[in-house]
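Single-structure report; data block below.
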Amino acid sequence: MITPQIRPSTGAAYSRIHGVGGYRPVRVIPNAEVLNWIDSSDEWIRTRSGIAERRWAGPEETVTEMSVQAAGKAIAQAGIAPEQIGGVIVATVSHLKQTPAVATEIAERLGCGTAPAFDISAACAGFGYGLSLADGMVRGGSAGYVLVIGVERLSDLTDTSDRSTAFIFGDGAGAAIVGPSETPGIGKVIWGADGSQKDVISQTQAWDTAFAKDDAVNGAGDEVKWPALRMEGQTVFRWAVWEMAKVAQQALDAAGITADQLGAFIPHQANMRITDAMIKALKLPDSVPVARDIVETGNTSAASIPLAMERMLEAGEAKSGDLALIIGFGAGLVYAAAVVTLP
Ligand code: UT7
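Following this note's numbering, the numbering of the sequence shown begins with 1311 at its first residue and continues without gaps.
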């Protein structure tokens, strides 16, 4: 018998971002408040990281709630109905309930019918990872439109007594609708992972160790040591500055775009000095606007790129149709970069 051939699945010729939206928690934490927890100064935090304030979510601003708000704006800008969404991808490392995926609840809240919905864990590269998957789904024919969300409540994983991380993280959600396009709107995603550096940014311990009722594991008594985020700041800093500029250049080359053709540079908002070093390494002309959302938002991991993208569009610093270079990098270590057309 001749082995029957599977009918090829085909989707749109190309994909692009049709809409973007963000949600920023109400509570603002200025550097002055951080100084109640750690021995530091407003000047040190500003000059070393670029951060002046960050937003921290309140009890009502859950991962689901922030995501629904951000997604609602992205859906409205895309001009589609929630029922047209054929996939929901949520990138997060701070949804503290492991199963079910928070994406299923978000899809249900938004009215996305039975669209497949799942979470991915790719830290600060999560939005780029999600974008790559969504692009493949739209072009492969398994979805018409895909909702990609980057959302974090990093305040839940922050040890406010840790001088090297207490000032850096923030909360928020950013969302994008990826859908069909007649022209290429998402360049080849350059992504990767380097597990040999898995301990450079990570939780202090696994949940089972943290909650072990065993003195030999957890020290005297039954005190639970919350698995907060720890980071070897300098190691990550050096890696980001040296290696990520190369990855960003690869994304430009793969898209056939030169730095001077960009309408925006939107790196993960990790540290303003990392952004400035990348600008130098890429020889980005002064005429290209750069996302500097970190000043008021801190480092929101998976949410940082879509949040910064929304801000630049709203502020008129970049406009719909412009080409933007995005790059995310973080715990894993993982990274993802691409040139995209702004919605
Ligand atoms: O989003 C995922 C990816 N994450 C990143 O990309 C973050 C990358 N890393 C960074 O952004 C930076 O490493 C930090 C902002 C976290 C830290 O900045 P740094 O310039 O690397 O500081 P450092 O750790 O090298 O410390 C420099 C000095 C030290 O003092 P001495 O040894 O020079 O006297 C620290 O003790 O600053 C001191 N220091 C502080 N001083 C005031 C460290 N933390 C603080 C603090 N306030 N909070």
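Glycine included, each C-beta is placed from N, C-alpha and C at the ideal position. The model shown is predicted, which means the values in this text are computed figures rather than measured ones.
Using a threshold of 8 angstroms, state whether the C-beta atoms of residue i and residue j are closer than that.
i       : j       : result
ILE1637 : SER1471 : no
GLN1513 : ALA1476 : no
ALA1483 : ALA1613 : yes
SER1359 : ASN1581 : yes
GLN1559 : LEU1594 : no
ILE1416 : ALA1401 : no
ARG1419 : VAL1378 : yes
GLY1440 : ALA1386 : no
ALA1435 : PHE1575 : no
ILE1459 : ASN1609 : no
VAL1649 : ILE1567 : yes
GLY1321 : GLY1451 : yes
ALA1384 : ALA1485 : yes
At a cut-off of 7 angstroms, would you count residue i as near the ligand UT7, judging by its Cβ distance to the nearest heavy atom?
i       : result
ASN1341 : no
TRP1366 : no
ARG1358 : yes
SER1611 : yes
ARG1473 : yes
MET1619 : no
GLN1434 : Inspection of the sequence shows that residue 1434 is occupied by Cys rather than by Gln. Checking every heavy atom of the ligand UT7 against the Cβ of CYS1434, one is found closer than 7 angstroms.
MET1541 : yes
GLY1640 : yes
ALA1550 : yes
TRP1354 : yes
GLN1513 : no
ASN1346 : no
ILE1385 : no
ALA1362 : no
ALA1558 : no
ILE1584 : yes
ILE1478 : yes
PHE1437 : no
Does the beta-carbon of residue i have 16 or more other beta-carbons within 10 angstroms, so that it is buried, or is it exposed?
i       : result
MET1447 : buried
ARG1548 : exposed
LEU1406 : exposed
ALA1433 : buried
GLN1579 : buried
TRP1501 : buried
ARG1473 : exposed
GLU1370 : exposed
ARG1326 : buried
ASN1346 : exposed
ALA1641 : buried
ARG1655 : There is simply no residue 1655 to check, as the chain begins at 1311 and stops at 1653 in what is shown.
THR1585 : buried
ALA1565 : buried
PRO1314 : exposed
SER1597 : exposed
GLY1497 : buried
PRO1653 : buried
Looking only at its own chain, which residues have a Cβ that is under 8 angstroms from the Cβ of residue i, when we skip the five neighbours before and after it?
i       : result
VAL1456 : ILE1395, GLY1396, GLY1397, VAL1398, ILE1399, LEU1443, ALA1444, MET1447, VAL1448, ILE1487, VAL1488, GLY1489
Leaving out the 5 sequence neighbours to the left and right, which residues in its chain are closer than 6 angstroms to residue i when beta-carbon positions are compared?
i       : result
GLY1573 : ALA1628, ASP1632, LEU1633
THR1414 : ALA1427
GLY1504 : Just to set this straight, residue 1504 is Asp in the shown sequence, not Gly. Closer than 6 angstroms at Cβ, skipping near neighbours: LEU1643.
ALA1647 : ILE1500, VAL1557, ALA1558, ALA1561, ILE1637
Considering only residues of the same chain and omitting the five flanking positions on each side of residue i, which have a CB-CB separation below 7 angstroms?
i       : result
ARG1463 : ALA1367, VAL1373, SER1404, ASP1481
THR1493 : TYR1324
ALA1520 : VAL1534, LYS1535, TRP1536, PRO1537
SER1431 : VAL1403
(message) Tell me whether the stretch 1334-1341 and the stretch 1359-1377 touch, counting them as touching only if at least three CB pairs, one residue from each stretch, are closer than 8 angstroms.
(response) yes
(request) Mind the definition here: the stretch 1325-1334 touches the stretch 1546-1554 only if three or more C-beta pairs lie below 8 angstroms; say whether that holds. (result) no
(request) Flag this pair as touching only if the stretch 1418-1427 and the stretch 1597-1611 have three or more C-beta atom pairs under 8 angstroms; answer yes or no. (result) no
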